[in-house]
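A.B. asks: Residue 2 is where the sequence shown starts when you use the working numbering, and the numbers rise one by one after that. The beta-carbon is built from N, C-alpha and C at its ideal position, and this holds for glycine as well.
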Amino acid sequence: MASVELIDVAKRYGKQTVLQPLDLTIPDGSFTVLVGPSGCGKSTLLRLLAGLETLSGGTILMNKRPVNDLDPADRDVAMVFQSYALYPT
Numbered sequence: 002m003a004s005v006e007l008i009d010v011a012k013r014y015g016k017q018t019v020l021q022p023l024d025l026t027i028p029d030g031s032f033t034v035l036v037g038p039s040g041c042g043k044s045t046l047l048r049l050l051a052g053l054e055t056l057s058g059g060t061i062l063m064n065k066r067p068v069n070d071l072d073p074a075d076r077d078v079a080m081v082f083q084s085y086a087l088y089p090t
């Protein structure tokens, strides 16, 4: 596990802000849950952490090391998408 620190992290699509500037520290070894209504930015935040989206502003640190410019494969982060885990009934 690694510590994660978000410093003023934000995401915009054009003029539309989808994630307001956010500061968050998740200590190494902790268990953290993101809870909120649909459309509040939970998945966007996870995609930013994984490197699947580009930051509009701010810095992401993992183990106190900036990862903004690292490719997703170099971040050692995995993400499972719900839509790929559901099977038709």
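Please report how far the alpha carbon of Leu71 lies from the alpha carbon of Glu6, in whole angstroms.
C.D. replies: 15 Å
A.B. asks: Between Ser4, Leu53, Leu20, Met63, which lies nearest to Gly122 when the distance is taken from Cα to Cα?
C.D. replies: Residue coverage of the chain in this structure runs from 2 to 90, which leaves residue 122 outside it and unanswerable.
A.B. asks: With DSSP as the reference, label Arg76 as helix, strand or coil.
C.D. replies: coil
A.B. asks: Within the same chain, show all residues whose beta-carbon is closer than 7 Å to that of Asn64, passing over the 5 residues directly before and after it, in chain order.
C.D. replies: Ala3, Ser4
A.B. asks: Let me make sure I understand the geometry here. Which of Ala74, Leu62, Asp77, Ala79 has the alpha-carbon closest to that of Pro28?
C.D. replies: Of the candidates Ala74, Leu62, Asp77, Ala79, the one whose C-alpha sits nearest the C-alpha of Pro28 is Leu62.
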